[in-house]
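Data block below; observations after.
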Amino acid sequence: PCTRQGSGAPAPGSGATIFALSSGQGRCGIAVIRTSGPASGQALRSLTAPRDLPPARKACLRLLSDPRSEEPLDRALVLWFPGPQSFTGEDCAEFHVHGGPAVVSGVLQALGEFTRRAFAHGKLSLTEVEGLADLIHAETEAQRRQALRQLDGELSHLCRGWAETLTKANSNLTPYVGLDLGTLRGRFLCDHTIHPSLPQALAHVEAYIDFGEDDNLEEGVLDQADSEVRELEERLLSPIKLEQADLILAMLDASDLASASSCNFLDTVVIPAGAGSPNGSSQRLLLVLNKSDLLPAGGLDPSPDLPPHLLLSCLTGEGLDGFLEALRKELAALCGDPSTGPPLLTRARHQHHLQGCLDALGHYKQAKDLALAAEALRVARGHLTRITGGGGTEEILDIIFRDFCVG
Amino acid sequence: CGRWVAASLTKQHHPSSRFSGDSAAPWTPHFDVVVIGGGHAGTEAAAAAARCGSRTLLLTHRVDTIGQMSCNPSFGGIGKGHLMREVDALDGLCCRICDQSGVHYKVLNRRKGPAVWGLRAQIDRKLYKQNMQKEILNTRLLTVQEGAVEDLILTEPEPEHTGKYGVSGVVLGIMATSSQYRRLLSEYGPPSLGYARGTGKSQVPQSKYAEPLAVIEELGKEQERDGEPGTRHRPRRGIVDGSTVYAESVVLTTGTFLRGMIVIGLEMHPAGRLGDQPSIGLARTLEKLGFVVGRLKTGTPPRIAKESINFSILNKQTPDNPSIPFSFINETVWIKPEDQLPCYLTHTNPQVDEIVLENLHLNCHVKETTRGPRYCPSIESKVLRFPNRIHQVWLEPEGMDSELIYPQGLSVTLPAELQEKMITCIRGLEKAKMIQPGYGVQYDYLDPRQITPSLETHLVQRLFFAGQINGTTGYEEAAAQGVIAGINASLRVRHKPPFVISRTEGYIGVLIDDLTTLGTNEPYRMFTSRAEFRLSLRPDNADSRLTFRGYKEAGCVSQQRYERATWMKSSLEEGISVLKSIEFSSSKWKNLIPEASISSGKSLPLRALDVLKYEEVDIELLAKAVPEPLKEYTKCRELAERLKIEATYESVLFHQQQEIKEVQRDEALQLPKDLDYLTLRDVSLSREVREKLHFSRPQTIGAASRIPGVTPAAIINLLRFVKTTQQRQAAMDRLPKTDQRLCNTDKLEDRQL
Numbered sequence: 001p002c003t004r005q006g007s008g009a010p011a012p013g014s015g016a017t018i019f020a021l022s023s024g025q026g027r028c029g030i031a032v033i034r035t036s037g038p039a040s041g042q043a044l045r046s047l048t049a050p051r052d053l054p055p056a057r058k059a060c061l062r063l064l065s066d067p068r069s070e071e072p073l074d075r076a077l078v079l080w081f082p083g084p085q086s087f088t089g090e091d092c093a094e095f096h097v098h099g100g101p102a103v104v105s106g107v108l109q110a111l112g113e114f115t116r117r118a119f120a121h122g123k124l125s126l127t128e129v130e131g132l133a134d135l136i137h138a139e140t141e142a143q144r145r146q147a148l149r150q151l152d153g154e155l156s157h158l159c160r161g162w163a164e165t166l167t168k169a170n171s172n173l174t175p176y177v178g179l180d181l182g183t184l185r186g187r188f189l190c191d192h193t194i195h196p197s198l199p200q201a202l203a204h205v206e207a208y209i210d211f212g213e214d215d216n217l218e219e220g221v222l223d224q225a226d227s228e229v230r231e232l233e234e235r236l237l238s239p240i241k242l243e244q245a246d247l248i249l250a251m252l253d254a255s256d257l258a259s260a261s262s263c264n265f266l267d268t269v270v271i272p273a274g275a276g277s278p279n280g281s282s283q284r285l286l287l288v289l290n291k292s293d294l295l296p297a298g299g300l301d302p303s304p305d306l307p308p309h310l311l312l313s314c315l316t317g318e319g320l321d322g323f324l325e326a327l328r329k330e331l332a333a334l335c336g337d338p339s340t341g342p343p344l345l346t347r348a349r350h351q352h353h354l355q356g357c358l359d360a361l362g363h364y365k366q367a368k369d370l371a372l373a374a375e376a377l378r379v380a381r382g383h384l385t386r387i388t389g390g391g392g393t394e395e396i397l398d399i400i401f402r403d404f405c406v407g
Numbered sequence: 001c002g003r004w005v006a007a008s009l010t011k012q013h014h015p016s017s018r019f020s021g022d023s024a025a026p027w028t029p030h031f032d033v034v035v036i037g038g039g040h041a042g043t044e045a046a047a048a049a050a051r052c053g054s055r056t057l058l059l060t061h062r063v064d065t066i067g068q069m070s071c072n073p074s075f076g077g078i079g080k081g082h083l084m085r086e087v088d089a090l091d092g093l094c095c096r097i098c099d100q101s102g103v104h105y106k107v108l109n110r111r112k113g114p115a116v117w118g119l120r121a122q123i124d125r126k127l128y129k130q131n132m133q134k135e136i137l138n139t140r141l142l143t144v145q146e147g148a149v150e151d152l153i154l155t156e157p158e159p160e161h162t163g164k165y166g167v168s169g170v171v172l173g174i175m176a177t178s179s180q181y182r183r184l185l186s187e188y189g190p191p192s193l194g195y196a197r198g199t200g201k202s203q204v205p206q207s208k209y210a211e212p213l214a215v216i217e218e219l220g221k222e223q224e225r226d227g228e229p230g231t232r233h234r235p236r237r238g239i240v241d242g243s244t245v246y247a248e249s250v251v252l253t254t255g256t257f258l259r260g261m262i263v264i265g266l267e268m269h270p271a272g273r274l275g276d277q278p279s280i281g282l283a284r285t286l287e288k289l290g291f292v293v294g295r296l297k298t299g300t301p302p303r304i305a306k307e308s309i310n311f312s313i314l315n316k317q318t319p320d321n322p323s324i325p326f327s328f329i330n331e332t333v334w335i336k337p338e339d340q341l342p343c344y345l346t347h348t349n350p351q352v353d354e355i356v357l358e359n360l361h362l363n364c365h366v367k368e369t370t371r372g373p374r375y376c377p378s379i380e381s382k383v384l385r386f387p388n389r390i391h392q393v394w395l396e397p398e399g400m401d402s403e404l405i406y407p408q409g410l411s412v413t414l415p416a417e418l419q420e421k422m423i424t425c426i427r428g429l430e431k432a433k434m435i436q437p438g439y440g441v442q443y444d445y446l447d448p449r450q451i452t453p454s455l456e457t458h459l460v461q462r463l464f465f466a467g468q469i470n471g472t473t474g475y476e477e478a479a480a481q482g483v484i485a486g487i488n489a490s491l492r493v494r495h496k497p498p499f500v501i502s503r504t505e506g507y508i509g510v511l512i513d514d515l516t517t518l519g520t521n522e523p524y525r526m527f528t529s530r531a532e533f534r535l536s537l538r539p540d541n542a543d544s545r546l547t548f549r550g551y552k553e554a555g556c557v558s559q560q561r562y563e564r565a566t567w568m569k570s571s572l573e574e575g576i577s578v579l580k581s582i583e584f585s586s587s588k589w590k591n592l593i594p595e596a597s598i599s600s601g602k603s604l605p606l607r608a609l610d611v612l613k614y615e616e617v618d619i620e621l622l623a624k625a626v627p628e629p630l631k632e633y634t635k636c637r638e639l640a641e642r643l644k645i646e647a648t649y650e651s652v653l654f655h656q657q658q659e660i661k662e663v664q665r666d667e668a669l670q671l672p673k674d675l676d677y678l679t680l681r682d683v684s685l686s687r688e689v690r691e692k693l694h695f696s697r698p699q700t701i702g703a704a705s706r707i708p709g710v711t712p713a714a715i716i717n718l719l720r721f722v723k724t725t726q727q728r729q730a731a732m733d734r735l736p737k738t739d740q741r742l743c744n745t746d747k748l749e750d751r752q753l
């Protein structure tokens, strides 16, 4: 049923391209967004870039991403109906996206972005913005993320990836893996909403450019900026520390639990994590005992100290399904809870921007021209603020005048 | 005709003065454009309007203060030099005058990349004023008149434009004889580095004026002895009482004169005229019309007798050799490097901190700083915010034959005797004689969100504001606004579209966009950090960004300059394509130019343009390696340098260009000027967003999106609304227009003249 038919029926041949959510209002499994008009092909291509148009009238799975930020929006079925063999006679496209107002609005917003650009180019006449704005108004980016993070498939996919890693590490078991969701780094940055390093470094370089003649600044300002950039790079590249991990996957050799190193590990990592941190939030921990194939037939000696755990044999594959299921549950709980921060799927977006940031920091270090160096930092900051928000000129000026006596 | 006496009197003063036909004819006080104020905004505005072909009147308190550098004896700097080059690209005055009046030319930031080079010079106050007056008094179509403006003449607004009122001229007030302290202000008056907003409302008993008046009177005598302008023959004031001057456009550049107050120690005194002060009258009128007024503070350092300073123990700074001229049309400056004056550097010390901190109770200017600017303009703010540090003080010459030294960095409002005490604890100044104390000025400014990017007010049609009145500080910021206001005042009279510079095109655009969309609550000063597209907006290429537009759209650019810019542009384009066409392997380049640190590992061929990117390579070196065809490009020094700069930024600029296009697209989306955001029904906007849009009245979607608090959703809503309005408007246009007229009559009823 058509719950919302965007801008009313377009007069055939009017030249306008319209789009609207044609079914799937509110929370639902699948929502269908349709576009109709000469720019439909372009819109479809811009959301599914870099791939080309799918074959006509054939459902294809495509990753939709925002044409401006390249941020992934959803994995969706798309259909392409070149006119005149379409339901309106014009070129049409359909996006079958995962339901829920937030995902839908994310895609509509991207279409809106496309629309705005097309409008600016003089290619579209703006009627297509009809019906879009109130949706965007109500549904925030955060809600979209929330909806996305419940996507079961992605979770299983991730779990499988980790399981693979673990299996490869089979013989020499790492005692624990701080799960690097990719997002965790982003989350880490979000947690310190104003992450000081980058604006600080930028402010120092900017101050040196604008007030370099002030001898209060001459010395050490750039060194300071360099060290801040180094610090940031380290932070971005360093593995997540145990205490920052959302979920600790602790793995021990089931046949070697009595050894000193195992005991030590249990005492220092497993037990404290279960007990919770001083601020009341307990870390999630999954204790896995591997090499269950080496255990005597009776299984593990019942040990009163041992927290809940799973048995696994990477060699035989026994217990793997149970392990994956448990891991999936943990992650679902972790990511399904709106209070835990960035969702799983923003992973790709975060990685995109973090990589962009790292690249720019690399340019910064190479630049000999200070204006170019500052430009690199500005680009780096642009990427980070896509994750953390904020980021105007005033913020930098505030830091300059807070840190330096200039003027 | 007695009231137009100044013209003939100043003529004696400047035998070379030539007045246009308009001014020589019997005086009919009717002009296309009237500019009020002869400061840096006013002179640029008046000259620009005249260049554009409008009959222009410059109204100033005194002709002999035209071109007065009221505070620091320097022009330019980082960011500010960028603004000057853009003013010059539009054929403005300040760069050319500086090339004739400097005493110490030095480009700042030489080591930091050409995008952020800051052209700067110490300027001889007297020469600058002389040269500026010569220029202004010899500008075709420009008449200069002494007078004080009491009020604006308002008319009904033109229905096809927004705005509650129209302006059709000004009412002149009574010119009182100058009082000593007023002269002090106009001679050395409002400096450019500001303090922040203060209340300035505290009234002190009359008797308390005694001290500053004594100081100031003393100063007057000193100046006369110095042979500074104070002693010069002054033209008699034209006493003009309540007469009017009619004009199509009015540009207001009153600087700090709107309710200005001078502050030294605990003393405050009105800085305008005595009696019913014209600037107060004007300030009242503006307030009554509904302009939102704010208050800012600024200050100036004391002046020190040159011969009382022990320069021998201080660090000397010598000027550049060769000097780099400010103006695109000059190859050199008027003075050889070896004839220029040095500057000296000294520093504050803990004793200075002590004097400041112990006497805060005697310092009402500082005490009143409820919300300071973020930067540190005065020694008090430095000491208070960064205790236990030493701060640099530049000792700058005020001119070739001036006996005064300007201690930059020592702006202070302590009582005079404490200032002297403070000065003498500084190295090199142990025996220094203070000629004039530093002081603070508090003044009104008008919230710049009340003007459009063409600097016309939203409220009053054809009334333009430029300079400090908009909350900026600095000669360069003032000049930049002046040239834009002058051009637009003229275009408006000629019914041509406004001349607006986008922030993607120039620092002038950044300045005006920041002011008109964000407003300011500290004296606004330009920094290169404010420009998003810093690598594109460089001092070297201001002409290719603005000269052509100025020539074609505004008519403010001379033929000579236009031709020069055209030649440069085509030479650059040709040069770049030649440099792109020369390709060799990196090992061959390495052989050709052993000086360059080219890594020979790359298999891809390198273009000459890529080689030119290396820090150690310039056109000269390239031309030695590949004489044909590159030899050609070494002949013009400016061309060679500019090619090098283009090469340095080429790859980054390519990316920046995409971003610029995106911003420009948003700026091409115009919002209707007459939108009433508060009552607009068909568009879903939050109360907060409505109020913000209502106050700033952004002209484009781009400007709207930069207003803090205006959400992306609101922007989309606006777009949709604009579209539907356009459609409705198209339908309306087919109907007879009766309701439109009614609407305007309604507006008229609100007016209170």
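Those protein sequences? They're chains G and P, same order as listed.
Taking the UniProt record's numbering, the leading residue of the first sequence gets 1, the next gets one more, and so forth.
Taking the UniProt record's numbering, the leading residue of the second sequence gets 1, the next gets one more, and so forth.
For each residue, glycine too, the CB sits at the ideal point set by N, CA and C.
Quick one: is LEU294(G) buried, meaning 16 or more other Cβ sit within 10 Å of its Cβ, or exposed? When all chains shown are included, LEU294(G) counts as exposed.
Anything in chain G within Cβ reach of VAL460(P), meaning under 9 angstroms, just list it in chain order. Here the premise fails: no neighbours, minimum Cβ distance about 30 angstroms.
Give a yes or no on whether 8 angstroms exceeds the smallest Cβ distance from GLU395(G) to chain P. Chain P contact via Cβ: absent.
So the candidates are TYR439(P), GLN699(P), ALA466(P) and LEU286(P); which of them puts its Cα closest to the Cα of TYR524(P)? ALA466(P)
Comparing C-alpha positions only, which one of VAL34(P), ARG564(P) and THR517(P) sits nearest to SER502(P)? THR517(P)
Heavy atom of the ligand SAM within 7 angstroms of THR452(P) beta-carbon: No copy of the ligand SAM appears in this structure; indeed no ligand is present at all.
Mind checking which residues open and close the beta strand (DSSP E) that includes LYS297(P)? 293-300
Identity of the residue in ASP610(P), GLY169(P), GLY519(P) and SER558(P) nearest ILE576(P) by Cα: ASP610(P)
8 angstroms Cβ cutoff met for GLN468(P) and VAL263(P): no
Based on Cα-Cα distance, which residue from LYS297(P), GLU430(P) and CYS364(P) lies nearest to HIS347(P)? GLU430(P)
Under a three-way DSSP split, which group does SER243(P) fall into? coil
is_contact[GLY212(G), chain P] using C-beta, thresh 8 angstroms: True, the Cβ-Cβ gap to chain P drops below 8 angstroms.
Which full runs of the beta strand (DSSP E) of 3+ residues lie inside the region 83-122 of chain P, going along the chain? Along the region 83-122 of chain P, the beta strand (DSSP E) occurs as fully enclosed runs of 3 or more residues at 102-108, listed in sequence order.
Check for me: the alpha helix (DSSP H) holding ILE593(P) runs from which residue to which? From DSSP, ILE593(P) is part of no alpha helix (DSSP H); its letter is neither H nor E.
Is the beta carbon of PHE265(G) sitting closer than 8 angstroms to the one on LEU252(G)? It is a contact, given that the beta carbons lie within the stated cut-off.
Where CYS405(G) meets chain P, residues with beta-carbon distance less than 8 angstroms: CYS376, LYS382, ARG385, PHE386, ARG389 and HIS391
Members of the region 600-619 of chain P that neighbour chain G once the beta carbon cut-off is set at 8 angstroms: GLU615
Looking at the structure shown, is LEU58(P) part of a helix, part of a strand, or coil, going by DSSP? strand
Of all the options VAL35(P), VAL683(P) and PHE291(P), which has the alpha carbon lying nearest to the alpha carbon of ALA45(P)? The shortest C-alpha separation from ALA45(P) is found at VAL35(P).
Neighbour list for LYS368(G) in chain P, Cβ cutoff strictly below 8 angstroms: GLU615
If you reduce the DSSP assignment to three classes, tell me which class GLN658(P) lands in. helix
Consider the Cβ of residue 434(G): report whether some Cβ of chain P lies at a distance smaller than 8 angstroms. The requested residue 434(G) is not part of the displayed model; chain G covers only 1 to 407.
Looking at the secondary structure, which residues open and close the beta strand (DSSP E) in which residue 408(G) lies? Any property of residue 408(G) remains undetermined from this structure, which presents chain G solely from 1 to 407.
Should GLY482(P) and ALA148(P) be called a contact, given that it needs their Cβ atoms to be closer than 8 angstroms? no
Determine whether the Cβ of GLU375(G) lies closer than 8 angstroms to any Cβ atom of chain P. Yes, contact with chain P.
What in chain G is Cβ-close to ARG728(P), meaning under 9 angstroms? For ARG728(P), no chain G residue has a C-beta closer than 9 angstroms to its own C-beta; the minimum C-beta separation is roughly 13 angstroms.
Quick one: is GLU70(G) near chain P, going by C-beta distance under 8 angstroms? GLU70(G) does not count as touching chain P.
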